[in-house]
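As structure tokens, the structure follows; a few thoughts come after it.
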Amino acid sequence: MTIQKLPFTGALPYPLEKKCLPQEAVFFDIETTGFSPKNSGVYLIGAVSYEDDCWQMCQWMSDDPEEEAKLLNAFAGLCRRHSTLIHFNGDRFDLPFLACRARMLGIEEDFTSYGSLDLYKSFLPLKPLLKASHMNQKSLQEFINAKREDEYTGGELIPVYRNYLLNHDDTSKQLLLLHNHDDVLGMLSLLSFFAYTDFLEGDFTVRECRTGSDDIHDFSLELILSLPTPLPRRISWGCSSFYLTAAQQDARMLIYGLQGELKYFFPDYKNYYYLPREDTAVHKSVASYVDKEYRTPARASTCYSKKSGFFLPQGSEAFGPAFYEDYKSPAAYFECTDEFLASKDTLKKYIHSLLENMTG
């Protein structure tokens, strides 16, 4: 079995302690001879862990298929000194594959029992924000311009490993080790994507807030945000409700509001009357004082009161009361008051709700 150890001297692009203790983490990737653990095996494992006050990389490669158990035991020994396994799509592939192979080879190690941080699952919600067509590891590395020497996929290297078993040539061996090396170190560079997920989850502060208007919108709200962790690349995203740009540790949201008159629809319309002349609904207790010729039982579509002012869009009715342009209008609004604009906590909750709807 080939064992290759390499120091990692670079700095992590994200404070890992926000996700787990660095000394408890193991970044890893496996290379297999097929996609089913029942009829294929693991021939190479690469891992990066925090050892002796620094990050170190270790690769174990089987020079013979009979060494697979030795390979798995070596990796299991590393895992037992830590508690969290970090991987890319490992919840779906790597961990079940390792667990199955361990059982089949009589190794008492459940690789699925450790704490798990799957970078693929963590970053998949970013797809619309990144405008990405693919969310595989190589595509994400290309997005942040993280260079890699390897040009192969894991599947393309299966015949290369078979050739290595026959000839034990150094060229094949180095291709296999390089691919695994770039995958594991590539995961470290992908940690920078947590700056995006943290932002979407509400890790920001509202620095500035100002209202305005333009040729298209009678009312808009501009928000300037500060982010604690630098973004690896500038992003922009827009919809009918707002436009977002963010770079490094700054973000700007321009939210398109309305100035005018909107309707609030009462939910229990059977307890209301509609007054056509006033174009409003009133409760039965009040309508009893109105002549019958000037009132009619309210329908769901006519059971409303009207309000004039400045309004902001919302994805749900989280900020009540909710106003609409009409009964069948899909977009909900709420009134933008001075009290709302003065509360940075409420502004932050509002921004967070828009970001959640963006990725949800």
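When you number the sequence shown by the numbering used here, it's gap-free, plus one each residue, and the end is 362. Where a beta carbon is used, it is the ideal one built from N, C-alpha and C, also for glycine. None of these values were measured; they are calculated from a predicted model.
Those residues which DSSP pairs with residue i across a bridge
{"i": "S222", "result": "G214, Y258"}
{"i": "D328", "result": "Partner(s): none; D328 has no beta bridge."}
{"i": "H285", "result": "Y274"}
{"i": "F30", "result": "A49"}
{"i": "I237", "result": "A248"}
{"i": "M63", "result": "T4, L46"}
{"i": "C56", "result": "E53"}
{"i": "S243", "result": "None, per the DSSP bridge assignment."}
{"i": "A334", "result": "Q316"}
{"i": "K265", "result": "K308, Y326"}
{"i": "L167", "result": "L167 pairs with nothing; no bridge assigned."}
{"i": "V208", "result": "L227"}
Coarse secondary structure for residue i, derived from DSSP in three states
{"i": "E203", "result": "coil"}
{"i": "I353", "result": "helix"}
{"i": "S118", "result": "strand"}
{"i": "A320", "result": "coil"}
{"i": "M137", "result": "coil"}
{"i": "S85", "result": "coil"}
{"i": "T173", "result": "helix"}
{"i": "A253", "result": "strand"}
{"i": "G79", "result": "helix"}
{"i": "A148", "result": "coil"}
{"i": "F312", "result": "strand"}
{"i": "R297", "result": "coil"}
{"i": "R105", "result": "helix"}
{"i": "F196", "result": "helix"}
{"i": "F10", "result": "strand"}
{"i": "L23", "result": "coil"}
{"i": "L227", "result": "strand"}
{"i": "V292", "result": "coil"}
{"i": "G36", "result": "coil"}
{"i": "A449", "result": "In the structure as shown, the chain begins at 3 and stops at 362. Residue 449 is therefore absent and cannot be evaluated."}
{"i": "D112", "result": "coil"}
{"i": "F95", "result": "coil"}
{"i": "G188", "result": "helix"}
{"i": "P161", "result": "helix"}
Outcome for residue i when other beta-carbon atoms lying within 10 angstroms are tallied against a minimum of 16
{"i": "R297", "result": "buried"}
{"i": "L128", "result": "buried"}
{"i": "M59", "result": "buried"}
{"i": "Q139", "result": "buried"}
{"i": "E110", "result": "exposed"}
{"i": "P130", "result": "exposed"}
{"i": "P15", "result": "buried"}
{"i": "M3", "result": "exposed"}
{"i": "T339", "result": "exposed"}
{"i": "F37", "result": "exposed"}
{"i": "E341", "result": "exposed"}
{"i": "K308", "result": "exposed"}
{"i": "A148", "result": "buried"}
{"i": "A344", "result": "exposed"}
Beta-carbon proximity of residue i to residue j, cut-off 8 Å
{"i": "R105", "j": "L74", "result": "no"}
{"i": "S310", "j": "G262", "result": "yes"}
{"i": "G92", "j": "S118", "result": "yes"}
{"i": "E26", "j": "S85", "result": "yes"}
{"i": "I257", "j": "S238", "result": "no"}
{"i": "E319", "j": "A333", "result": "no"}
{"i": "L100", "j": "F113", "result": "yes"}
{"i": "Y52", "j": "P9", "result": "no"}
{"i": "R236", "j": "A253", "result": "no"}
{"i": "D172", "j": "E151", "result": "no"}
{"i": "I5", "j": "D96", "result": "no"}
{"i": "S30", "j": "L107", "result": "A quick correction: the sequence has Phe, not Ser, at residue 30. Not a contact, by the Cβ cut-off of 8 Å."}
{"i": "A300", "j": "Y274", "result": "yes"}
{"i": "L227", "j": "F313", "result": "no"}
{"i": "C81", "j": "V44", "result": "no"}
{"i": "T213", "j": "F206", "result": "no"}
{"i": "K350", "j": "V208", "result": "yes"}
{"i": "I353", "j": "L167", "result": "no"}
Min CB distance residue i to chain B below 8 Å
{"i": "R235", "result": "The structure shown contains no chain B, having only a single protein chain."}
Measuring CB atoms only, is the segment 201-210 touching the segment 227-234, in the sense that at least three cross pairs come out at less than 8 Å? yes
When the Cβ atoms of the segment 275-282 are set against those of the segment 304-312, are three or more pairs found closer than 8 Å? yes
Should the segment 163-179 be regarded as contacting the segment 48-67, the criterion being three or more beta carbon pairs within less than 8 Å? yes
Validate contact between the segment 182-193 and the segment 321-332 using beta carbons, cut 8 Å, 3 pairs: no
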